[in-house]
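Trainee: Quick one: the structure is below, and I'll ask about it shortly.
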Amino acid sequence: MSVMSIAEQPHAVSPEFTRQPLGKVGMWWFLASEIMVFGGLIGSYILSRIAAGGWVAERAHVNTRLAVINTLVLLTSSLTVVEAHAAVDAGEQKRTRMFLLCTVLLGCMFLGIKGFEYSGEIEHGLTPASGLFWSFYYTMTGLHGLHVLAGIVVNFCLFIAAGGRGWKTIQHRVEYAGLYWHFVDVVWIFLFPLLYLA
Amino acid sequence: MSADKPSVSYVTIWVWLLLLVAAGVGVLGIPVSKAVAVMLIFSVATVKAVLVIRHYMHVRQQPLMVYAMLGIPLLLAIALVLVLMPDIAFRLR
Amino acid sequence: MQAVVEPDAHHAHGEELGFWRKYVFSVDHKVIGKQYMSLALFMALVGGLTAYLIRWQLAYPETPVPGFHWVPEPTMYEGVVPPEFYNALITMHGTVMIFFVAMPFLLGAFGNFLIPLMVGAPDMAFPRLNMMSFWTIFTASMLLLASFFVPGGAAAAGWTGYAPLSADPVFTGVNWGLNLWLLALALEFGSFLMGGVNFLTTGINMRAPGLTLTRLPLMVWMQLTAAVLFMLSIGPLIAGAVMLLFDRTIGTGFFLPERGGDALLWQHLFWFFGHPEVYVVLLPGFGMLLEIFPVFTRKPIFGYRAIIYSTIATGILSFLVWAHHMFVSGIDPRLAMPFSITTILISVPFAIMVFSMVASLWGGAITFATPMLFALGFLATFLIGGVTGIFLGSATVDIYLHGTYFVVAHFHYTLFPSVFLGGFAGMYFWYPKMFGRMLNDTLGKIHFWITVISFNCVFIPLFLCGVAGNMRRVYNPMQYDFLKHLAPLHQFATLATIVLMLGQIPFFVNFFWSMVAGERAPDNPWKANTLEWATTSPPPHGNFAQVPTVYRDPYEYSAPGAGEDWLPQYAPQPSA
Chain A
193 MSVMSIAEQP HAVSPEFTRQ PLGKVGMWWF LASEIMVFGG LIGSYILSRI AAGGWVAERA
253 HVNTRLAVIN TLVLLTSSLT VVEAHAAVDA GEQKRTRMFL LCTVLLGCMF LGIKGFEYSG
313 EIEHGLTPAS GLFWSFYYTM TGLHGLHVLA GIVVNFCLFI AAGGRGWKTI QHRVEYAGLY
373 WHFVDVVWIF LFPLLYLA
Chain B
1133 MSADKPSVSY VTIWVWLLLL VAAGVGVLGI PVSKAVAVML IFSVATVKAV LVIRHYMHVR
1193 QQPLMVYAML GIPLLLAIAL VLVLMPDIAF RLR
Chain C
2 MQAVVEPDAH HAHGEELGFW RKYVFSVDHK VIGKQYMSLA LFMALVGGLT AYLIRWQLAY
62 PETPVPGFHW VPEPTMYEGV VPPEFYNALI TMHGTVMIFF VAMPFLLGAF GNFLIPLMVG
122 APDMAFPRLN MMSFWTIFTA SMLLLASFFV PGGAAAAGWT GYAPLSADPV FTGVNWGLNL
182 WLLALALEFG SFLMGGVNFL TTGINMRAPG LTLTRLPLMV WMQLTAAVLF MLSIGPLIAG
242 AVMLLFDRTI GTGFFLPERG GDALLWQHLF WFFGHPEVYV VLLPGFGMLL EIFPVFTRKP
302 IFGYRAIIYS TIATGILSFL VWAHHMFVSG IDPRLAMPFS ITTILISVPF AIMVFSMVAS
362 LWGGAITFAT PMLFALGFLA TFLIGGVTGI FLGSATVDIY LHGTYFVVAH FHYTLFPSVF
422 LGGFAGMYFW YPKMFGRMLN DTLGKIHFWI TVISFNCVFI PLFLCGVAGN MRRVYNPMQY
482 DFLKHLAPLH QFATLATIVL MLGQIPFFVN FFWSMVAGER APDNPWKANT LEWATTSPPP
542 HGNFAQVPTV YRDPYEYSAP GAGEDWLPQY APQPSA
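Residue numbers (the numbering used here), protein chains in the order written: chain A, 193 to 390; chain B, 1133 to 1225; chain C, 2 to 577.
The structure is reproduced here in structure tokens:
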């Protein structure tokens, strides 16, 4: 009997219906539901902003410079995670681990910069209770940040697992973790202009 | 499961993404009306998203069902916002 | 055709699993399904108790409730329900029944148990995720029950938690009770998201050879559609719940007008989920009915494809009707007509399904075993619920009926049949497969008749109360002169509620007694065609000795040319 779990066996039951590995299908379903979560939150923001007349004065206080840096950081981390996936396919264990670690570090940098942004705003007395714009700002970036944190944890676990005998079993999961990470990046791609630019 | 050798390298896409970030920020400097500026900024964001989804998530190599799994929630979320416009965005206060 | 397998508690590697891994932290979908069932049945008792307290207060206002004199103040005053606790009771009754009974029972228990078996898979796609989903909802249940005991008591803003009442603790006087309520709900949503991912991946990707989508049992179609509806609709409410929690705790202003927010936004986010949710609860109930009818009429389901298309149409339409819960809430009046139209429209695919169900009975050789009685009772009772929904769907009529007992009666006439009549139908039908024993049919029939008659006696009076103008969520309707004449109706409904609750005793006795002393069940006691009957009762770990092959549609009963009146999906040739 194989050591692989059901999820690792792409044709566990019937090749007729299992052209894709289970883990990948599962991850896509999860991402579909996450689109609705962020869609609901972002949609509520858009509606409330129109109702409030644009929040131009409030938005003048966000730190666009730091947000631009963060956007560049997150986009780069998408590059490193997809390179990790390519390295897995090429069977290169060291390269995979290096790119996974880079992704983790870039993710931590994103959160660090975000935290620095928050501390600056809080010092100026701008908290979630400072008005509806700030309520949305902290909630949207906070929820996004929690998702980044979850991704960091997962990627870090994969980095550790890829170092030892786990190398064989975790290979599919690098791709699935990458899909999740790209999704988190795409959410930020829209959060950035919504909160900082437009 | 395997990513075919990408026809465009990941680094090339990354460079485009960085340029698009610059373009998005640059829109703020162009003397256009607010509505046009907003449209430009979100078009740039959409292009960035499409690049990531197409080239990093390899959506073309996924089963067709994935297009539905991404598209339907997106359309639903947009529909929700549109239906709520008269009620929340444009309510007489 | 009997599968020659021995029930086997051994792990795939051959080691014997300890008690904790086998019965508590199991990754086997059958064990997890039974865990969900236990949770649901326990929470049903909690929900039933809340109903008893509510109904007593309505029938005999401000009198002590028999059996509850021991509850300390300020929750109750020597057995009398005060207004604050009444609000908590109606809130918790709704929350418990929908999120901690209906969903765990119909989806968590039967979905988990049946989907892998019906598609011929050894387990769910993600067994460990499955286990985590159960323990998540278990934690959620504990949090919810704990909320009864915190200062300020349990959540009291209605199961719908409308803002601004729910958005600032000062309005309800309930602080941690409502926060725990939100946390419990958030965990419950997460649990069913995990479950949904599992159901959909398993149902789509792990089907046995030959099992095309148009040969899938309708129960699986219903469970998968319910999973999609849940996954797509829950997102905005998760966002909304986070926003509401923040409003209550860290001073944000999403739903509070004085902080710049919009209370109506909460209602939209809630009902955008809330409406598809009722179909999430309804469709699996229909699934039970559609599996049971052919077995006890010995003829195929009429309109298999029509039912599938109608289910999909219902699913799509269910996302476009939500504001019919909000006709009188202050929405833009221009939204009223489009939502009325979509709401009336959604009755069309439903009608197609109901007609197909009735046509499935026509000309059948009907056996009135307990599962069939419950299934028939479901269909008949649900019809009343469905028809009364049409009145509520018309915005103009809804102006009068909204917020009255007419609505309460309507949704009990749709939810109760699905969860309890449909759920019990499934229970009596699949109990042999789950536990390897037959339930006692006589006790089952007693259970059925008491349940269905007393249920109608509870809620028909409430339709009359509603039309007479009796508002809902009111602690004491009898304080209003124009409602005083309804007192006999309320008292009759309360008496019937007590009978309904006592009528569940035969079921519980039957359930536990049969588990140890019931007649042993063969692999296929009902002579049914679907794949779960191809293996032993109960199935072993891994479900099937070898992967079954599917040769035909699931409802080939009384097929011409076959020797017997049934022809299993998994049998290669028609038996001579």
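Every residue gets a Cβ at the ideal spot worked out from N, C-alpha and C, and that includes glycine.
Since this is a predicted model, take the numbers as computed values, not measurements.
Under 7 Å Cβ to Cβ from A/Val378, same chain only, skipping five residues before and after it: list those, please.
Mentor: none
Trainee: Drop a sphere of 10 angstroms on the beta-carbon of C/Leu292, count the other beta-carbons inside from all chains shown, and report buried for 16 or more, exposed for fewer.
Mentor: Note that residue 292 of chain C corresponds to Glu in the displayed sequence, not to Leu. The residue is buried, with at least 16 neighbouring Cβ atoms inside 10 Å.
Trainee: Helix, strand or coil for C/Thr140, going by three-state DSSP, please let me know.
Mentor: Taken through DSSP and simplified to helix, strand or coil, C/Thr140 comes out as helix.
Trainee: Taking the alpha-carbon positions, what's the C/Asn180 to C/Val171 distance?
Mentor: Taking the straight line from one Cα to the other gives about 13 Å.
Trainee: What does DSSP give as the partner residue(s) for C/Val81 in the beta ladder?
Mentor: C/Tyr78
Trainee: Among the residues of its own chain, which have a CB less than 6 Å from the CB of C/Gln574, if the five just before and after it don't count?
Mentor: Within the same chain, and ignoring the five residues on either side of C/Gln574 in sequence, no residue has its Cβ closer than 6 Å to its Cβ.
Trainee: Going along the chain, which residues of its own chain have a beta-carbon closer than 7 Å to the beta-carbon of C/Ser330, five neighbours each way excluded?
Mentor: Leu265, Gln268
Trainee: Quick one: which chain A residues come within Cβ less than 7 Å of B/Pro1205?
Mentor: Ala224, Ile227, Met228, Gly231
Trainee: Taking the straight line between their C-alpha atoms, what separation do you get for A/Ala224 and B/Gly1156?
Mentor: 27 Å
Trainee: Restricting to Cα atoms, I'd like to know which of C/Pro418, C/Thr213, C/Lys300, C/Ala529 is closest to C/Val453.
Mentor: C/Pro418
Trainee: To the nearest angstrom, how far is it from the Cα of C/Pro539 to the Cα of C/Thr298?
Mentor: Put simply, the backbone Cα of C/Pro539 is about 25 Å away from that of C/Thr298.
Trainee: Hey, quick one: how far does the alpha helix (DSSP H) through C/His269 stretch, first residue to last?
Mentor: 264 to 298
Trainee: According to DSSP, is C/Leu160 helix, strand or coil?
Mentor: At residue 160 of chain C the sequence reads Trp, which differs from the Leu that was named. Three-state result, C/Trp160: coil.
Trainee: Do the segment 279 to 294 of chain C and the segment 241 to 257 of chain C touch if we need at least three Cβ pairs shorter than 8 Å?
Mentor: no
Trainee: Flag B/Leu1149 as yes if its beta-carbon sits less than 8 Å from any beta-carbon of chain A, otherwise no.
Mentor: yes
Trainee: Determine contact between the segment 506 to 519 of chain C and the segment 70 to 88 of chain C, defined as no fewer than three beta-carbon pairs at a distance below 8 Å.
Mentor: no
Trainee: For chain A, check one thing: does any of its Cβ atoms lie closer than 8 Å to the Cβ of B/Tyr1142?
Mentor: yes
Trainee: With distances taken from CA atoms, which of C/Asp554, C/Gly378, C/Trp323 is nearest C/His448?
Mentor: C/Gly378
Trainee: Pull up the CB-CB distance for A/Met228 and C/Pro237, whole angstroms please, since I reckon it's below 8 Å.
Mentor: 6 Å
Trainee: Measure the C-alpha to C-alpha separation of A/Gly235 and B/Leu1212 and round it to an integer number of angstroms.
Mentor: 8 Å
Trainee: Does the CB of A/Gln285 have a neighbour CB from chain B at under 8 Å?
Mentor: no
Trainee: So with CB distances below 7 Å, who are the chain B contacts of C/Phe320?
Mentor: Leu1208
Trainee: Take C/Ala187 and list the residues in its own chain whose beta-carbon comes closer than 6 Å to its own, dropping the five residues that flank it on each side.
Mentor: Ala242
Trainee: Below 8 Å between beta carbons: does that hold for A/Gly215 and A/His316?
Mentor: no
Trainee: With DSSP as the reference, please indicate the residues paired to C/Trp567 in a beta bridge.
Mentor: In the DSSP assignment, C/Trp567 forms a beta bridge with C/Tyr558.
Trainee: Buried or exposed, going by whether 16 or more other CB atoms sit within 10 Å of the CB of C/Gly174?
Mentor: exposed
Trainee: Decide if the segment 219 to 232 of chain C is in contact with the segment 192 to 208 of chain C; the criterion is three or more beta carbon pairs, one per stretch, under 8 Å apart.
Mentor: With the rule of 3 Cβ pairs closer than 8 Å, the segment 219 to 232 of chain C counts as touching the segment 192 to 208 of chain C.
Trainee: Below 6 Å CB to CB, which residues in the same chain sit around A/Trp373 once its five sequence neighbours on both sides are set aside?
Mentor: Val273, Gly343
Trainee: Please check if any C-beta of chain A sits within less than 8 Å of the C-beta of B/Ala1221.
Mentor: yes
Trainee: Of all the alpha helix (DSSP H) runs that stay within the bounds of the segment 299 to 354 of chain A, which reach a length of 4 or more residues?
Mentor: 324 to 353
Trainee: When burial is assigned at 16 or more other CB atoms within 10 Å of the CB, is B/Lys1180 buried or exposed?
Mentor: buried
Trainee: Could you tell me how far apart the beta carbons of C/Lys35 and C/Met435 are, in whole angstroms, since I believe they sit closer than 8 Å?
Mentor: Confirmed, Cβ separation roughly 7 Å.
Trainee: Tell me whether the segment 36 to 48 of chain C and the segment 89 to 102 of chain C touch, counting them as touching only if at least three CB pairs, one residue from each stretch, are closer than 8 Å.
Mentor: The answer is yes - the segment 89 to 102 of chain C touches the segment 36 to 48 of chain C, with three or more Cβ pairs under 8 Å.
Trainee: Using a Cβ-Cβ cutoff of less than 7 Å, which residues in the same chain neighbour C/Phe375 once the five nearest sequence positions on both sides are dropped?
Mentor: Listed in chain order, the non-local C-beta contacts of C/Phe375 below 7 Å within the same chain comprise Leu422, Phe425, Ala426, Tyr429, Phe449, local neighbours out to five positions each way being set aside.
Trainee: With C-beta atoms as the reference, is C/Gly252 less than 8 Å away from A/Gly323?
Mentor: no
Trainee: On the three-state DSSP scale, how would you describe C/Ile317?
Mentor: helix
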